[in-house]
Each structure stands twice: as structure tokens, then as C-alpha cells.
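In what follows, a structure is listed as C-alpha cells, so that the remarks can point back to it.
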Amino acid sequence: MQRPGGAVQLAMAVVAVVLAASAGLCRGQLAGGFYDGKCGNSSVETVIHDAVQARLAWDKRMCGGARYEVQLGRRDGTVSQAYMAAQLPGPDVDIPTAIDMFAKKGLNSFDMAILMGAHTVGVTHCSLVKHRLHDFNGTGKPDPSMDPLYVWILTTFACPSGQTFDNIVYLDDPSSILTVDRSYYSQILKRRGVLDVDQKLGDNGATAWMVQFLGTTDFFPSMFGYALNKLAAVDVKTGAAGEIRTNCRRTN
Ligand code: HEM
């Protein structure tokens, strides 16, 4: 029988290989410092950095998480169509389908598990959770994969039966909802994944070890930056494709 520590060591070895293999990844013209010298004497990156710092200083609730370099140089597309939203996985997607959808964008299953850690911040709504709380698959009972105490907390305080408005539900433990930390994964390990897909990530044979690893070590915040950069390079427009908008809210 494999010791629990052995599983974590194996996971760390896999992580090291994944990161090493990706270190020299070429992402078109995307680069840190892309805008250096491209805006007269002002440094675009310093202007944005200072604005973000000022916002963080103003709102003390926004804190926590690792720093990571962002690659710049992407251009905006000129077309946005509703059907594209259908390409996004829904809250009840099964893990093999989700893995397949991410793979089509060049992201592997480990990238996916790390990126779903974005649910360490933000909210969902009762309309997407209530089927897990009250009448799961027509059984008249809650989803058995959810911790009964958590079912009680959510049904009592967030989504009571018969509620008429679509209340918000935190995707992570409310005490760490504004911090990018491993708590999303440790909640799943406690069977407190809020969306169906969150809990499935922890229960599926292909991804359970990732949740175990990310939920029991402190690697997530730095790995999140790496995976976000990979996501940010998906279908990215560079060179003469797309355009640089003069107004961020609309095409030129
Ligand atoms: C299989 C993959 C994923 C599924 C099925 C999924 C599904 C969802 C759903 C259903 C919501 C709640 C929306 C609502 O109630 O209005 C949500 C929220 C959110 N998702 Fe995901 N998601 C996935 C992956 C990701 C990824 C890769 C990221 C970012 C890297 C991400 C970032 C977020 C954030 C930040 C929120 C909170 C939004 C807010 O507070 O308004 N998700 N997701």
C-alpha cells in the first residue's frame, strides 16, 4: 500500500516535470516588458502597476496571493459572438469532458485543476447550486457528495427552499473569499465544493491527486500565476492580427 506522503512526493515530482517542460514555452510575441519604450517617456507598466497598488491600498479587503510576471503584447479581437459562450463548460460538466475542452485549447488536466483554483475568489448563485441542496437527481435528498453540515449551512443561510431571489453563494470558504490561497482545494477535500464541477474535481480519479496536492501544500498561489499566463496565451492575437483599441469598451 502506498503511504500518503508517497502520493504527495509523486505529485511534486510530476509538478516539477510539468513546469520544467513548460519553462521555455514560446508564446508568440508575448513577453514581460513588451511595452518598454513604446509610449514616449511614460512606462505603461509602471502606470498600471501604480494604479493597481493604489486600488489595493484603498481596499484593504483585497489581499493575499503570490506576485507573478504577466506577459504583455496581446491585441484585441474585433468579433464577439454569443455562440462562443456555449464553448464554455457549464457548472455540471463532467471532468473528462472538461479535460477535453481544456485540451482543445492546449491546456492539460493539471493546468485545468490549477486554473479552477480561480474559484478561490468570487461567487456563484443559488440557481446553480440549489439542485445539489434540496432534490439531487430527483432523490428528494441533497447531493451525497456534499458534506451534510455544509448542505445545512447553505440551505439555512444562502439558499433556503422556496427562496424567490437568486442569492449569491461564495465559491470558497467565506473567511478566505478575497485571498488567492489553497482554501478552494481544502474545502473540496472536506466535501465542500460548491459547484458540482468543483466537487467532481476532487472526486474524479484523474484529478483527485491534484486537489489533494494543491489543497495540502502551499504551491497553489505561485502555480496559479504560471497557469494563468498559459491561459492568457490561448488563441492570443499578436503581430498585425486584431487591433489596439483606442477605447477599451469598443472596437475602433
Ligand atoms: C471546468 C471549468 C469551469 C467551470 C465549469 C466553471 C464554472 C463557473 C460557474 C458556473 C461560475 C458561477 C457563475 C455564476 O453563478 O454567475 C463560475 C464563477 C467563476 N469562475 Fe469558473 N468555471 C470553470 C473554470 C474557471 C477558470 C479556468 C477560471 C479562471 C481562470 C474561472 C474563474 C471564475 C471566477 C473568478 C468566478 C467568480 C465570478 C464572480 O464572482 O462573479 N473559472 N465558474
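Quick note: the sequence shown, position 225, residue 256 per the working numbering, numbers continuous.
Each residue gets a CB set at the ideal place from its N, CA and C atoms; glycine is no exception.
Backbone CA spacing between residue i and residue j [nearest angstrom]
{"i": "V267", "j": "G148", "result": "22 Å"}
{"i": "G55", "j": "V182", "result": "At G55 the pLDDT is 39, less than 50, meaning the model places this residue with poor confidence; the figure from the coordinates comes in the next sentence. Between G55 and V182, the C-alpha separation is close to 45 Å."}
{"i": "L87", "j": "V152", "result": "15 Å"}
{"i": "I219", "j": "A271", "result": "44 Å"}
{"i": "G246", "j": "Y215", "result": "8 Å"}
{"i": "H150", "j": "G64", "result": "29 Å"}
{"i": "V78", "j": "E100", "result": "16 Å"}
{"i": "P173", "j": "P122", "result": "17 Å"}
{"i": "I130", "j": "M143", "result": "7 Å"}
{"i": "R280", "j": "D107", "result": "11 Å"}
{"i": "A97", "j": "M241", "result": "19 Å"}
{"i": "V265", "j": "A134", "result": "11 Å"}
{"i": "Q84", "j": "D204", "result": "26 Å"}
{"i": "P191", "j": "T128", "result": "31 Å"}
{"i": "I275", "j": "S73", "result": "18 Å"}
{"i": "V154", "j": "C70", "result": "37 Å"}
{"i": "F167", "j": "Y66", "result": "51 Å"}
{"i": "D90", "j": "L209", "result": "11 Å"}
{"i": "K189", "j": "K136", "result": "Per the sequence shown, residue 189 should be read as Ala rather than Lys. Near 35 Å, if we compare the C-alpha coordinates of K136 and A189."}
{"i": "G273", "j": "Y114", "result": "20 Å"}
{"i": "T187", "j": "G236", "result": "32 Å"}
{"i": "K355", "j": "L232", "result": "The question about residue 355 has no answer here: the residues shown for the chain are numbered 32 through 283."}
{"i": "I126", "j": "E76", "result": "38 Å"}
{"i": "A117", "j": "S158", "result": "18 Å"}
{"i": "D212", "j": "Q112", "result": "34 Å"}
{"i": "S217", "j": "D234", "result": "13 Å"}
{"i": "P23", "j": "V110", "result": "Any question about residue 23 goes unanswered here, given that the chain covers just 32 to 283."}
{"i": "G256", "j": "T195", "result": "39 Å"}
{"i": "K221", "j": "T170", "result": "23 Å"}
{"i": "S206", "j": "L185", "result": "15 Å"}
{"i": "Q60", "j": "G68", "result": "16 Å"}
Bounding residues of the beta strand (DSSP E) (the contiguous stretch that carries residue i)
{"i": "V200", "result": "I199 to Y201"}
Endpoints, alpha helix (DSSP H) assigned at residue i
{"i": "T247", "result": "A239 to T247"}
{"i": "V154", "result": "Looking at the DSSP string, V154 is not in any alpha helix (DSSP H); the run it does join, the beta strand (DSSP E), is V154 to H156."}
{"i": "M132", "result": "I126 to A134"}
{"i": "A258", "result": "F251 to A263"}
{"i": "M143", "result": "S140 to L146"}
{"i": "S214", "result": "S214 to L220"}
{"i": "D123", "result": "D123 -> no alpha helix (DSSP H), and no H or E assigned at all."}
{"i": "D227", "result": "D227 to D234"}
Cβ separation of residue i and residue j, assumed to be a contact under 8 Å, to the nearest whole Å
{"i": "V124", "j": "H156", "result": "Incorrect: roughly 17 Å between the Cβ atoms, too far for contact."}
{"i": "A258", "j": "I145", "result": "4 Å"}
{"i": "Q230", "j": "S176", "result": "5 Å"}
{"i": "T269", "j": "G104", "result": "6 Å"}
{"i": "L138", "j": "K261", "result": "6 Å"}
{"i": "T277", "j": "S140", "result": "Not a contact, Cβ separation roughly 40 Å."}
Sequence ranges, beta strand (DSSP E) only - wholly within the stretch 163-191, length at least 3:
If you keep only unbroken beta strand (DSSP E) runs of at least 3 residues inside the stretch 163-191, you get nothing at all.
Enumerate, from N- to C-terminal direction, the unbroken alpha helix (DSSP H) stretches of 4 or more residues contained entirely within the stretch 70-96.
Qualifying alpha helix (DSSP H) stretches, in chain order: 75-89.
Cβ contact check for the stretch 167-182 and the stretch 252-260: 3 or more pairs under 8 Å
Cβ pair count under 8 Å is below three, so no.
Closer than 8 Å is the cut-off here; do at least three beta carbon pairs connect the stretch 225-234 with the stretch 195-211?
Yes, the stretch 225-234 touches the stretch 195-211.
Could you name the residues, in chain order, whose CB is less than 7 Å away from a heavy atom belonging to the ligand GTP?
The ligand content of the structure shown is limited to the ligand HEM, which means the ligand GTP is not among them.
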